[in-house]
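**Q** The structure that follows is given in the form of structure tokens.
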Amino acid sequence: MSITKESELIGMKKISEVVGTTLKLMREYAKVGMSTKELDEYGANILKSYGAKSAPYETYGFPGYSCISVNKEAAHGIPSEKKILKEGDLINIDVSAELNGFWSDNGGSFVLGKDIHHHQPLVDASKNILRKAINNIKGGVKISEIGYLIETEAKKSGFKVIKNLAGHGVGGSLHEEPENILNYRVRSNRERFKKNTTVAIETFISTHSTVAVELNDGWTLVGNKGGYVTQHEQTILVTDNYPVILTESNEIWN
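Just so you know, we're using numbering that gives the first Met the number 0 here: the sequence shown kicks off at 0 and counts up by one.
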């Protein structure tokens, strides 16, 4: 979305704070023994209290209000009463929503309780790479250069990137131009970040896989070569300098 007036910036700030706060509260609410369905309903009630509508539910008819992916699930995990959270689980929550015609998107992976399966290095890599990527975005920067930075940093940490999941424009709808803010460099992509636009930047950092494939449920994505994937995402406003992180209320870097 291209921000052309103050009212649009206010609208984007408002919905971004809502999805950020929802993500933060869901992360804090997650407990061993809880089903992902209960966690999802908790998040749905927070969105409702602000008058916001779940984006995946409204847009795609997703069977849940947020995507909650556990362990080997890379993205788009369906909340379920049968999926019970356990100590050391690698959990990803992705919350996107609409309020007053404005849309925002954010997500984060974390380890539940003690890190008994040693997922924390993957989580930290994803978080740190996202921060570095965002710090290098301003109007005029090539989208492919940010992809190159993400992949290079992942390799330095001993990890890979998922090549068919991407960040995207956001604001007037959930997915807008630019559609493919990828985690690697596509040399032929000459597109640049534009000042005063709102985009969702996401990292998809993995241990073994480079492609996400869909399961038979029609939603859940897993890595093509197994292993684990972490994702962190912020909606930002591109400027001439450091971007404004609109979803910073999620505290994913704290």
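Each residue gets a CB set at the ideal place from its N, CA and C atoms; glycine is no exception. None of the values given here were measured: they were computed from a predicted structure.
Under the rule that 16 or more other beta-carbon atoms within 10 Å means buried, what is threonine 196, buried or exposed?
**A** The residue labelled residue 196 in the question sits at position 197 within the sequence shown. Buried: at least 16 other Cβ atoms inside 10 Å.
**Q** Compare the C-alpha of tyrosine 241 against each of Glu247, Ile136, Ile161 and Ile251 and name the closest.
**A** Looking up residue 241 in the sequence shown gives position 242. If we check each option's Cα against that of tyrosine 241, Ile136 comes out closest.
**Q** Mind listing, in chain order, the continuous beta strand (DSSP E) runs of no fewer than 3 residues lying wholly within the region 22-61?
**A** For the region 22-61, not a single whole beta strand (DSSP E) run of length 3 or above is found.
**Q** Should serine 53 be labelled buried (16 or more other beta-carbon atoms within 10 Å of its own) or exposed?
**A** Walking along the sequence shown from the start, residue 53 turns up at place 54. So serine 53 ends up on the buried side.
**Q** Spatial neighbours of lysine 126 within its chain, please: CB distance less than 7 Å, with the 5 preceding and 5 following residues excluded, ordered by chain position.
**A** In the sequence shown, counting from the first residue as 1, residue 126 sits at position 127. Taken in chain order, the residues that qualify are His231, Ile251 and Trp252.
**Q** Given a cut-off of 8 Å on the beta-carbon distance, is the pair valine 160 and leucine 98 in contact?
**A** What you label residue 160 is simply residue 161 of the sequence shown in a count that begins at 1. What you label residue 98 is simply residue 99 of the sequence shown in a count that begins at 1. Going by C-beta atoms, valine 160 is not nearer than 8 Å to leucine 98.
**Q** Look at the alpha carbon of asparagine 44 and the alpha carbon of serine 248, and state the distance between them as a whole number of angstroms.
**A** Indexing the sequence shown from 1 puts residue 44 at position 45. Indexing the sequence shown from 1 puts residue 248 at position 249. Each residue's alpha carbon lies about 18 Å from the other.
**Q** Expressed to the nearest angstrom, what Euclidean distance is found between the alpha-carbon atoms of asparagine 188 and lysine 131?
**A** The residue you call residue 188 lines up with position 189 of the sequence shown. The residue you call residue 131 lines up with position 132 of the sequence shown. Approximately 21 Å between the Cα atoms of the pair.
**Q** Would you grab the beta carbon distance between isoleucine 14 and alanine 51 for me? Rounded to a whole angstrom, and I think it's under 8 Å.
**A** Counting from one through the sequence shown, the residue named residue 14 turns up at place 15. Counting from one through the sequence shown, the residue named residue 51 turns up at place 52. That pair is a contact at about 6 Å.
**Q** Tyrosine 227 and histidine 118 - do their beta-carbons sit closer together than 8 Å?
**A** Start at 1 with the first residue of the sequence shown, and residue 118 comes out as number 119. Start at 1 with the first residue of the sequence shown, and residue 227 comes out as number 228. Result yes, Cβ atoms of histidine 118 and tyrosine 227 sit closer than 8 Å.
**Q** Would valine 198 pass as a contact of glutamate 72 if the rule is Cβ separation under 8 Å?
**A** Stepping through the sequence shown from its first residue, residue 198 is reached at position 199. Stepping through the sequence shown from its first residue, residue 72 is reached at position 73. Not in contact: valine 198 and glutamate 72 (Cβ atoms no closer than 8 Å).
**Q** How many angstroms separate the CA atom of glutamate 40 from the CA atom of tyrosine 64?
**A** Taking the sequence shown and counting its residues from 1, the one referred to as residue 40 is at position 41. Taking the sequence shown and counting its residues from 1, the one referred to as residue 64 is at position 65. Going by the C-alpha atoms only, they are around 7 Å apart.
**Q** Go ahead and label isoleucine 235 buried or exposed: buried means 16 or more other beta carbons lie within 10 angstroms of its beta carbon, across all protein chains shown.
**A** On the sequence shown, residue 235 is found 236 positions in, with the first residue counted as 1. With 16 or more other Cβ atoms within 10 Å, it is buried.
**Q** Determine the direct distance from the alpha carbon of isoleucine 142 to that of arginine 184, and round the result to whole angstroms.
**A** If you number the sequence shown from 1, residue 184 lands on position 185. If you number the sequence shown from 1, residue 142 lands on position 143. When rounded, the distance between both Cα atoms is 8 Å.
**Q** Taking 8 Å as the cut-off, decide whether the C-beta atoms of histidine 167 and glutamate 178 are in contact.
**A** Reading the sequence shown from its first residue, position 168 is the one you call residue 167. Reading the sequence shown from its first residue, position 179 is the one you call residue 178. Yes.
**Q** Just to confirm my understanding: we take valine 140, look at its own chain, exclude 5 residues before and 5 after, and list those with CB closer than 8 Å. What are they?
**A** Here residue 140 refers to the residue found at position 141 when the sequence shown is read from its first residue. Contacts found: Arg191 and Phe192.
**Q** In chain order, what residues of the same chain have a beta carbon less than 8 Å from the beta carbon of glutamine 233, not counting five sequence neighbours either side?
**A** On the sequence shown, residue 233 is found 234 positions in, with the first residue counted as 1. Excluding sequence neighbours, glutamine 233 sits near Asn105, Leu129, Ile133, Ala199, Ile200, Ile244, Leu245, Thr246, Glu247, Asn249 and Ile251.
**Q** Quick one: what's phenylalanine 109 bridged to in DSSP?
**A** Counting from 1 along the sequence shown, the entry for residue 109 is found at position 110. BP columns for phenylalanine 109 point to Ile90.
**Q** With DSSP collapsed to three states, give me the class of arginine 184.
**A** Translated into the one-based positions of the sequence shown, residue 184 becomes position 185. In this structure, arginine 184 counts as coil in the three-state DSSP scheme.
**Q** Could you check which residue in Thr20, Ser156 and Val212 has the C-alpha nearest to that of serine 48?
**A** As a working note, residue 48 is residue 49 in the sequence shown. Nearest C-alpha to serine 48: Thr20.
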